[in-house]
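>
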Ligand SMILES: [Mg+2]
Ligand SMILES: [Mg+2]
Ligand SMILES: [Mg+2]
């Protein structure tokens, strides 16, 4: 295929001879600099768009040093300290924190700090404690603590070093580089800082006529990233708002919302309102409050960029807190596009599904850095893995653009790699071209994921740090990763949505996660309105798929509150006296492509069938790992976990059809017989995009209607032999 | 050794010639009949004591049929049934129950039955439902249920078949035997039944001058044992009081305690107050109430037995509810002895530690039944396993007697088996004889197990059905099984005991179990008095050993409420944003005899160290399985689980020494270098009883003081080569 466009490449100085050819060959229509590289003089003659990175809230050390009261804040909690048998208790609040990043804000400590007896949950009155010292020597002394109670101090602190720049600085040993400083940030709520941000951006735009796209990295408040006293990462939450706090903001909040926030509203027992916590009223209000502020200020910056005829591209990361790209405010910012790092199919969809922007761009792996582009490195292999992971997501909901980052001069030393990414770029463009710009067809089964966050955190569930592996999430993330490439329109719905009738628009709803987390739902499952809504939905023919500890909260003889729908519950020790006689049914529509054992990852503990009406499809050491249960007109499916694999993705595909009562249609849905192969169907174009997701050649059979996933078309059968990783366009008719 | 006594053998008719020699050889001083055998005429000439089984609460079908209102009751819960979108809800209460065992008591249903909306926990008013039909056709109709709410009916039912006799009947296919009837029981609270019980017992005693010991099997109320509609076991709780209920008893309770019991006080959401549930006030009161009633009536029966110059021996099982052998009332009964089935070291101690009886007797395995005593059976092997399991417990706290049951005529066909049990009897007697009737010495480290039940359920923790394996208990029962053979005086203490200062009398306390259960403690760990007591205990030098989910209840930023002492907590998903850098320390006093991996059984999930002060001794897939933590003057030890093994028992032995800060003494405690060998030390006799617990020969080194576990005696070292299973008496000096 000879096509051009939709691709951004990093360029650098010293390659002027090669650049036109490289860009031409890969079909790049945009270039960018990277950390540590500068655009060459030749750039404006390359006939491509030019991106340049911009940091609104850091980078001018002169301003920062002159306006130390504009530095951003953190709310932090001290260690948990046990009081002695008698006498006062001294708490060194900075224990475990990094003095180069954090400095206690010794302003109005009685207003902003809080001492809590964690043994009783009671707040210690402000006249019961005092603060002495400063910096790392800051000590809170509780005069008369209760003997052997555990205490914590919640304290407000200045951020004395920008988190991302600090990460780059320490990772790259910039302490040996005299040109590097420790960059201090500034808070957009500070009037002088805001004035500086806008005037700086204007000046920057004026001075850079050659730049077409301002790549904001990013706006104001960094996700929560705190280092320990050894300078190692101590706390990371890619969704954390702890670094968005300040007395100024809290006062403004109080004026608007009519109630006063406490330190505990941010510190949250030390959990800092991470996304796994069921969001409190105060935290939900805070997100709303900051989201409106951030989006309003982003709009001001975007307006400036537009005044200069440039585009505003937002990087999805770093100082992105408060933008909430899936929130209602985001459309008001006028941001033209969003670019983010693609680490999986789910993160690809997290970018490509963002509504209200003109385009999205995925930065692919590997980054052109010496760790991979070196002898013994495998850039080709990494590019293949990255492409196979994301291709199935792109085929469902294409990114408008893809790109790479790093040092092009390194990459060109690997010609096979350059060949491969050229193929990838062509393959990517073909989805837009052959698909005629339309989305592939989805099944008419409407699927929802129910959790506490709903649409606002679409594709953002079960993440701690962006796309990293965590022991407690991979067994749930696999559901999202599967769905990112499956032919379903997916809605993320909240419990409030369900209370408002949102299930009427769905055929199958999933509840996925660990008990008590925002993803499972916690005490929402004690609300009879929610329970009745889901039971009614199922009674009318809907499907409920629970993964892990769905609908879980111990009450009235059940742990899974919808055990009546799911047909299973979890043994916590209280019902061991009940005899059970589990019988496995290995043959079922759901498991037709899974002849062997099911990999449920971490598993969900000891799951039992509630009665003989439950079909146990996989039983391991006496525990149910997969079950199917008819309830009224509808159906429940239970999965103990679903780490991503081709087989598990196929299992979920089938489970959704079964839950919807639509298994009779499955044979005509263009689903390949081999679980490692997937198809995106474009009925308007009369084409199907067949992807071999494996690194080996496979043969597979396809069967589907000439009219696509629906319609009256005849059912055609097709046998295909596919090369490793091959994608191929087929004709449906 | 030629000794005699302390052994009970089953005899039967038709073996008159052999009996004297067999009894002589094995040294038996007592004989018994068994189910299906009768004592021969020769019995009175054998020069041994004679036991005969007696059933106070069943066995006279004529009386039972003439007094059907004296039948005992159950409280049972119906299935959980979901209400439809509209219209009434009919609940067939007998669904899943066995008509031959259970019959709804249709008496004053409005007083005794209860309909509960399990979606809200609300009781449905009595005028909101009605009962129709009877027997298996009994239906409760809820006139206007809330749509899609789940309902249950708690109903009172007659026991129309005695549970144990039913079990024997169905297991042995007695339906084919016209001489067998389905025995109906009678309730000791019924005046006519009680009158019948006492007069029958008198008559029985009169008619049996040859009987020396009345073996009560047992008294009045059976443990909870309910069968399903296929006649298979549906619910079993060896500690269950569900079969002790009746309107008569509940009225008497109300008169005495001043409040009215609800059906829910017994049905308990379907959990039926099993021992894993934290006992409610009402259930604790009920135990107290029934315990006093049962013990008073037992005393009356025992008095009759004593009048006739016989002894009263209680079987620990079947209709034993309300006796509570470790309760304060038990001594008032005058029962002479308790006999029970020995299935492990812990069950052996459960029998041998019962206070206030003159003697205890363990019935050993295998039972002389055709299932084992047949071609292909391995009675010798089973005898060895049983003996090795119980010997270590007997060496710590000897049973006064041992015995066997079943058909002697079968056993004599296996001469190697008969030889072996003769050796076992001699070995058993030697512990009494060489030990001079004294208990072996215990370490001066005083050890307690803390749970909701305390002393009343000494050695009875973590059991569902007596000595059976359950998935959720074996990882905890291993602690008890280990302690049953380790040289520690063990106290079982309750949370109320702790509130009353009981920790003052201990050096190390263990908290063992799953979160929320009575064995871990549930909400007791939210009581600051309890937390302060344990923290103070540790601060003054005490040791806390937690196994599984100790001190667990989610509150104020911790799941293990004593995570500050234990140095670990459990990740439930809320603190994943906190970075952890676990480092394993393979070398530690506690693990000196465990070079490899630790078997923690089911494990406890994702356990993390709270800080660098925690020494992680075993780390598996990122989770802590064993940790040691200094806290103040004291120490915490965490174990994710401890299924019984020789290695794990040794590990616990060491953990207790370390927790007590006494590891320096360990080398002189006569602990063999080989974990498969144990020693009971009798300083007064100057002897040690060395046991090779393995079926293979071992060499081991011993080191200990000539004065025993304490004292000023010199430390001696000794090398021993032991035959498989050998026990040997050594001289300490
Ligand atoms: Mg990141
Ligand atoms: Mg208690
Ligand atoms: Mg039993």
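Residue numbers (the numbering used here), protein chains in the order written: chain A, 255 to 987; chain B, 255 to 987. Glycine is no exception: its CB is placed at the ideal position from the N, C-alpha and C atoms. Note that the coordinates shown come from a computational prediction; the quantities given were computed from them, not determined experimentally.
Is it right to say residue 573 of chain B is buried, meaning 16 or more other beta carbons lie within 10 angstroms of its own, or is it exposed?
buried
> With 8 Å as the threshold, decide whether the Cβ of residue 525 of chain A is near any Cβ in chain B.
Taking 8 Å as the threshold, the shortest C-beta distance from residue 525 of chain A to chain B falls below it.
> How many angstroms separate the CA atom of residue 651 of chain B from the CA atom of residue 514 of chain B?
43 Å
> Per DSSP, what kind of secondary structure is residue 772 of chain A in: helix, strand or coil?
coil
> Within the same chain, show all residues whose beta-carbon is closer than 6 Å to that of residue 901 of chain B, passing over the 5 residues directly before and after it, in chain order.
848, 929
> Excluding the 5 residues preceding and the 5 following residue 336 of chain A in the sequence, name in chain order all residues of the same chain whose CB lies nearer than 7 Å to its CB.
402, 404
> Going by C-alpha distance, which of A:600, A:806, A:644, A:887 is nearest residue 792 of chain A?
For the options A:600, A:806, A:644, A:887, the alpha carbon positioned closest to that of residue 792 of chain A is the one of A:887.
> The alpha helix (DSSP H) with residue 395 of chain B in it runs from where to where?
No alpha helix (DSSP H) contains residue 395 of chain B, which is instead part of the beta strand (DSSP E) from 393–396.
> At a Cβ cut of 7 Å, what residues of the stretch 367–380 of chain B count as close to chain A, listed as they run along the chain?
Listed by position, the residues of the stretch 367–380 of chain B near chain A (Cβ gap below 7 Å) are 372, 373, 374, 375.
> Going along the chain, which residues of its own chain have a beta-carbon closer than 7 Å to the beta-carbon of residue 282 of chain B, five neighbours each way excluded?
261, 262, 263, 302
> Can you give the Cα-Cα distance for residue 352 of chain A and residue 358 of chain A, rounded to whole angstroms?
11 Å
> Quick one: residues in its chain with C-beta nearer than 6 Å to the C-beta of residue 890 of chain B, no 5 flanking neighbours on either side, listed in chain order?
798, 819, 820, 821, 883
> Residue 438 of chain A and residue 319 of chain A look like a contact to me (Cβ under 8 Å); what is the Cβ gap, rounded to whole Å?
7 Å
> Just to confirm, is the Cβ distance from residue 593 of chain A to residue 615 of chain A under 8 Å?
Yes, the Cβ-Cβ distance between residue 593 of chain A and residue 615 of chain A is below 8 Å.
> Are residue 943 of chain B and residue 957 of chain B close, meaning C-beta to C-beta below 8 Å?
no
> Since residue 872 of chain A and residue 852 of chain A are thought to touch, with beta carbons under 8 Å apart, how far apart are those beta carbons, to the nearest angstrom?
Between residue 852 of chain A and residue 872 of chain A the Cβ distance is about 5 Å, and since that is below 8 Å, they are a contact.
> Count the other CB atoms within 10 Å of the CB of residue 907 of chain B; is the residue buried (16 or more) or exposed (fewer)?
Buried is the call here.
> Taking the alpha-carbon positions, what's the residue 795 of chain B to residue 766 of chain B distance?
20 Å
> Is the Cβ-Cβ distance between residue 610 of chain A and residue 584 of chain A less than 8 Å?
yes
> Based on DSSP bridge pairs, tell me the residues matched to residue 262 of chain B.
B:284, B:657
> Can you find a CB in chain B that lies within less than 8 Å of the CB of residue 724 of chain A?
yes
> Are the beta-carbon atoms of residue 473 of chain B and residue 310 of chain B separated by less than 8 Å?
Yes, these two residues count as a Cβ contact at 8 Å.
> Which residues in chain A sit within 8 Å of residue 519 of chain B, going by Cβ to Cβ distance?
The premise fails here: residue 519 of chain B is roughly 14 Å from chain A at the closest Cβ pair, so nothing lies under 8 Å.
> How many whole angstroms separate the CB atoms of residue 327 of chain B and residue 413 of chain B, which I take to be in contact at a CB cut-off of 8 Å?
6 Å
> To the nearest angstrom, report how far apart residue 597 of chain B and residue 729 of chain B are at their CA atoms.
17 Å
> Answer yes if the stretch 420–433 of chain B comes into contact with the stretch 371–386 of chain B, meaning at least three C-beta pairs across the two stretches below 8 Å, and no otherwise.
no
> If residue 861 of chain A sits next to residue 912 of chain A, beta carbons under 8 Å apart, how far is it from one beta carbon to the other, in whole angstroms?
19 Å between Cβ atoms; not a contact.
> Pick from B:748, B:685, B:495: whose alpha carbon is nearest that of residue 764 of chain B?
B:748
> Within the continuous beta strand (DSSP E) that includes residue 870 of chain A, where are the two ends?
868–874
> Strictly below 9 Å CB to CB, what residues from chain A border residue 488 of chain B?
832, 833
> Please say whether residue 785 of chain A and residue 600 of chain A have beta carbons closer to each other than 8 Å?
no
> Check each residue of the stretch 776–792 of chain B: if its Cβ is closer than 8 Å to any Cβ of chain A, include it; give the result in chain order.
Those residues of the stretch 776–792 of chain B placed with their C-beta closer than 8 Å to a C-beta in chain A are 782, 785, 786, 789, 790, ordered along the chain.
> Is the stretch 441–453 of chain A touching the stretch 554–564 of chain A in the sense that three or more CB pairs, one from each, lie closer than 8 Å?
yes
> Measure the Cβ-Cβ separation of residue 782 of chain B and residue 374 of chain A and say whether it is below 8 Å.
yes
> Work out the CA separation of residue 945 of chain B and residue 976 of chain B for me, nearest whole Å.
9 Å
> Suppose you measure from the CA of residue 874 of chain A to the CA of residue 815 of chain A; what does that come to, to the nearest Å?
In this structure, the CA atom of residue 874 of chain A is about 23 Å from the CA atom of residue 815 of chain A.
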